[in-house]
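A.B. asks: The following block contains the structure, expressed as structure tokens.
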Amino acid sequence: MAKEGKGFFGAICSLFASIPVVKSVKKASKSRKTKSKKAKSKLKLKNLFKILKRSVRKRKAKFMRKPINS
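Per UniProt numbering, the very first residue in the sequence shown carries number 1; after that it's consecutive.
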């Protein structure tokens, strides 16, 4: 049933959440959100590694082009 101390809309939401079908839909949407968040963070990491690799290559190439003064 509705919990006290949540306000009008909070009480209505908790009432709807007690229905099994709504619970399963809510769970599914939550897992979908977490999956998309994980995918986004993976993509961000992938892009970050790409940028780091590129900068390392540039530095390496710059170092190799420098003439050796001996």
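Don't be surprised by glycine CBs; every beta carbon is placed ideally from N, CA and C.
Spatial neighbours of F16 within its chain, please: CB distance less than 7 Å, with the 5 preceding and 5 following residues excluded, ordered by chain position.
C.D. replies: V22, listed in sequence order.
A.B. asks: Is P67 helix, strand or coil by DSSP?
C.D. replies: Three-state DSSP puts P67 in coil, outside helix and strand.
A.B. asks: I need the straight-line Cα distance from K27 to L48, nearest angstrom please.
C.D. replies: Using only the alpha carbons, I get a separation of about 32 Å.
A.B. asks: Could you check what DSSP says for S18 in three-state terms: helix, strand or coil?
C.D. replies: Three-state DSSP puts S18 in coil, outside helix and strand.
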